[in-house]
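Using this note's numbering, read the sequence shown as starting at 291 and increasing by one per residue.
For each residue, glycine too, the CB sits at the ideal point set by N, CA and C.
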Amino acid sequence: MLAKFQPRRGLGRQRAVFPITVVVILMYWFLLKAPRYRTLLSFRADADFIETPSPNLDKSQRVSVDDEIMLDKPLSFQEIPPAQADNEKNLEREAKEKENSLKETLRTAFRNEYDALKSEPGAGSIYEKTLEDLIDKENRIPTDENTLTLANNSVPFSFSRPYVFNPYPNYNSPAWRSTHANYTACRGPKGANIDDILVFKGRPRDFPEPGFGSYDVLGIDQNVCFERETRLGRYEEITGAYKDDSAVNWEDFDWGKLQIECLDRNKERFKLGYELNVSDVPSHNQPLDLEPGGDTKEDAEYPLRSTRRYFRRHAGHQKKTRSEMVLNDQNRSADNATMLVKEKRTALLLRSYTGKEYTDNDKQVLRSLITELSLRTGGEYEVFLLVHVKDGSSIWLDDATYETVIQKAIPQEFWGITVLWDDESVKTTYPKLNNKAVQVHNAQFLSVQMFMEKRPEFDFVWNWELDSRLMGHHYDFVTKLADFARKQPRKGLWERSERFYIPDFHGEYPTDFRTTVEQVTGNESIWGAPNVPGSHPIGPKPPVPTPKQDDYEWGVGEDADLITLSPMFNPNNSNWILRDQVWGYSYEGFSGTQIPRRAAIITQSRISRRLIDIMHAETLRGNHVGSEMVAPTVALLHGLKAVYAPMPVFFDRPWKGAQLARWFNGGPKGESGSFGSAMGWGQEGRFQGSTWYFRANPPQRLYNNWMGYEDTGVGGAEWEKIHGRPCLPTMLLHPIKDVRPTAPGTSSESKLPYG
């Protein structure tokens, strides 16, 4: 029976940690005696608001958000005698030392528990899984079975027969044609219609269940596995003897042109215009002075005027003004007596930079993204490289300079999907941000906002990490995430989305998890936009005054404005290093760091047109937060629908659900943020054995082995002759760096910036 979710339940489960618990409690008691720490604890641990500083303080006495981001400061000192001030400083130093000691105690406790699990059955069971021992080959629901067709040919490296995997809609069926315009297939790199990839039925024996997330909750078939040659072989010959097709001269290929031609074949299916109206966003006291269509009334002064043609380069038939596009779309709709549904389009942006060397695997993954998301769907998606120009080239002078930079930095086949940006264009577009706010690590979404401002035909944008790798099918994965998010009711959504979903601990997602989270949060559930001084939320208002009056109906069927792949946690009191990266959002008696905010580590996420427009408008006003916070925070402040999609995440240790809950949902009410957060500085080592974080060891090792390369004593040609080809179920891995054939004895490690 699955364990029920109970706050603090995990604290008493292991006798081995009892002495450590006693030490932690004693140190916590000592910290309570320190004036500085009492100040910290005077705020509710899970509070969105920090108390307003005394209005009697002048500006020089208020704490700047840029002063220190490592540890919280006391609010201020009034006129304090020197001796007393020295004493206060000593107490503050002692409190900091005790706090650091407490953090070290927690790190040591986790490391001891992690190391002890190395000798337990199931440790390392995510590794060494191959085609030679697959189970549950026929265990799937009928709708999943319909996506699989036995392939015509066998493969020389396995007795298992592969299956063609087709997760796409049944295009042009009677049901499809009743609500959609005609789908026209697009040609692929070999000039013919696109073949779907191959998979194998089953999953490796003894492969563990996800520590976080669930296949069933997302509707993903966990009993198919992916092998490198049948997954990526059609995008270039890779390690192994199996060849799917004749060779292609990829350098002569133009993926940008193919995407445009494909969309043109299917243009009746999509709404290719969008009437942006940021004047409907009265963000913080007054509306922005923008006309419908997104340009300022004085177009000559519009910051992106000189760059707009570059953000729309290679857009083919879409090179029209917004008003022309909207008018054309309205005319088509008026002529269509059947009033067919206009399908929504999504841009997928891979952020890159000049100076990057593209490996063969980088190219294979790019080709697969374009083929499976854009060409195979007839233009539902469009893939771009959004490239940061770091060498100071004056890319906005003329077309020739712009093209020269692309040709020097990007492989030829991808020239047509590349869009450049630089720091100067960001500063020009958002002049109210200071230099620190526009640094690339704080400004990952600013270039995305600029892109979407000039590409109004897209309803959504995926911010996709170039160093992530999907074991699985790209279309199947992103579609299942969107479907899950669309089904979620808003009631309790922010509270569910700030916790790692741990099936072994929480139980069933739509029943046990939902109910127990609401019980523990009580009347503190977020319901609509928070009441923030000076803010004018534009999201929909709740249909009833309180969530108790809603029967899980509000939000069901509504596309999510934000989909994240990790929880959106409250950074207050979390000790997360970037929690106070806030610019703007300041008003009389209210400072920026008091603003309610959320953060999601790793910025790979899907954002709606509505949310990206509001993010752009807020930034024009000078309001901005760190990259991991910006989309969740703006969604929170404006009452939009934001969903953490609990994708499967695996660990290299056999953690019990209660252990994972204690280390990763360690907040006072079982949330992932607040005191004890795994995202806090010095605590992120808890993720080093996971398959998804910004520093983690399993992703690179798993992927190297999967590609046929030796890593940590596993993989490589000789190993595969004995054990077989690696085969893995659907999972998203991060980080993956510089995938190349490895030397004997290679052992991958993703190191944290502290011991």
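Report task. Go ahead and pull the three-state DSSP assignment for Lys491. Result -> strand
Query - alpha helix (DSSP H) segments (min. 4 residues) lying fully within the region 939–1019 - result: 947–954, 988–996, 1007–1013
Query raised in the report: So, using beta-carbon positions, are Gly669 and Leu771 closer together than 8 Å?
Result: no
Report task. Using only the heavy atoms of the ligand FAD, determine whether one of them is closer than 7 Å to the beta carbon of Asn955. Result -> Here there are no bound small molecules, and the ligand FAD is not part of this structure.
Report task. Check the C-beta distance from Leu927 over to Ser895 and give it rounded, since I have them as a contact under 8 Å. Result -> Wrong, their Cβ atoms sit about 17 Å apart, outside the cutoff.
Query raised in the report: For Cys476, which three-state DSSP category applies?
Result: coil
Requested in this report: Take Met629 as the anchor and find which of Ser715, His470, Val679 has the nearest alpha-carbon.
Outcome: His470
**Report entry** Span separating the alpha-carbon of Arg804 from that of Met858
**Finding:** 16 Å
Query raised in the report: Three-state secondary structure (DSSP) at Asp688?
Result: coil
Query raised in the report: What is the C-beta distance between Leu910 and Trp754, in whole angstroms, given that I count them as a contact (C-beta under 8 Å)?
Result: Leu910 to Trp754, Cβ: 25 Å. No contact.
Report task. Give a yes or no on whether the C-beta atoms belonging to Val514 and Phe497 are separated by under 8 Å. Result -> no
Query raised in the report: What residue range is occupied by the uninterrupted alpha helix (DSSP H) comprising Ala637?
Result: Counting along the chain, Ala637 falls outside any alpha helix (DSSP H), though it belongs to the beta strand (DSSP E) covering 636–643.
Requested in this report: Assign Gln809 to buried or exposed, taking buried as 16 or more other Cβ atoms, counted over all protein chains shown, within 10 Å of its Cβ.
Outcome: exposed
Requested in this report: Check whether the Cβ atoms of Thr887 and Val915 sit closer than 8 Å, and answer yes or no.
Outcome: Contrary to the premise, residue 887 reads as Arg rather than Thr in this sequence. Yes, the pair counts as a contact, with Cβ atoms nearer than the cut-off.
Requested in this report: Would you decide whether Gln729 is buried or exposed? Buried here means 16 or more other CB atoms lie within 10 Å of its CB.
Outcome: exposed
Requested in this report: With DSSP collapsed to three states, give me the class of Arg759.
Outcome: strand
Report task. In angstroms with no decimal places, state the Cα-to-Cα distance between Met919 and Pro464. Result -> 44 Å
**Report entry** Check whether Val1004 and Tyr417 have beta carbons under 8 Å apart
**Finding:** yes
Requested in this report: Go ahead and pull the three-state DSSP assignment for Phe674.
Outcome: strand
Requested in this report: Take Asn724 as the anchor and find which of Trp873, Ile885, Lys379 has the nearest alpha-carbon.
Outcome: Trp873
Report task. Sort Trp866, Ala775, Gly882 by Cα distance to Asp851 and report the nearest one. Result -> Ala775
Report task. Have a look at Val507 and Phe767 and give me their C-alpha separation to the nearest angstrom. Result -> 13 Å
Query raised in the report: Around the Cβ of Lys323, are there at least 16 other Cβ atoms within 10 angstroms (buried) or fewer (exposed)?
Result: Residue placement at Lys323 is poorly supported in this model, since its pLDDT is 40, which falls under 50; the coordinates still yield a value, given next. It is exposed - the Cβ of Lys323 has fewer than 16 other Cβ atoms within 10 Å.
Query raised in the report: Are the Cβ atoms of Ile431 and Arg493 separated by less than 8 Å?
Result: no
Query raised in the report: Are there 16 or more other CB atoms within 10 angstroms of the CB of Phe560, so buried, or fewer, so exposed?
Result: buried
Query raised in the report: Does the pairing of the region 1021–1039 with the region 744–764 give three or more beta-carbon distances under 8 Å?
Result: yes
Report task. Report the option in Lys634, Ser658, Asn442 whose CA atom is closest to the CA atom of Tyr525. Result -> Ser658
**Report entry** Which listed residue (Ala690, Ser898, Lys831, Ile792) has its alpha carbon closest to that of Asp749
**Finding:** Ser898
Query raised in the report: Is Glu743 helix, strand or coil when you go by DSSP?
Result: helix
Report task. Go to Met937, then tell me how far its alpha helix (DSSP H) extends in each direction, as first and last residue. Result -> Premise fails: Met937 is in no alpha helix (DSSP H) and is neither H nor E.
Report task. May I ask which residues mark the beginning and end of the alpha helix (DSSP H) holding Phe560? Result -> Unbroken run through Phe560: none, as it is neither H nor E.
Query - Collapsed DSSP secondary structure at His826 in the structure displayed - result: coil
Query raised in the report: Span of the beta strand (DSSP E) holding Val454?
Result: 453–455
Query - Proximal residues to Asp625 (C-beta, below 7 Å), its chain only, five neighbours per side dropped - result: For Asp625, the predicted structure reports a pLDDT of 41, less than 50, and the residue's modelled location is therefore unreliable. A value from the coordinates is still provided. None.
Query - Three or more C-beta pairs below 8 Å linking the region 399–415 and the region 932–943 - result: yes
Requested in this report: Would you give the residue range spanned by the alpha helix (DSSP H) that Phe795 belongs to?
Outcome: 793–796
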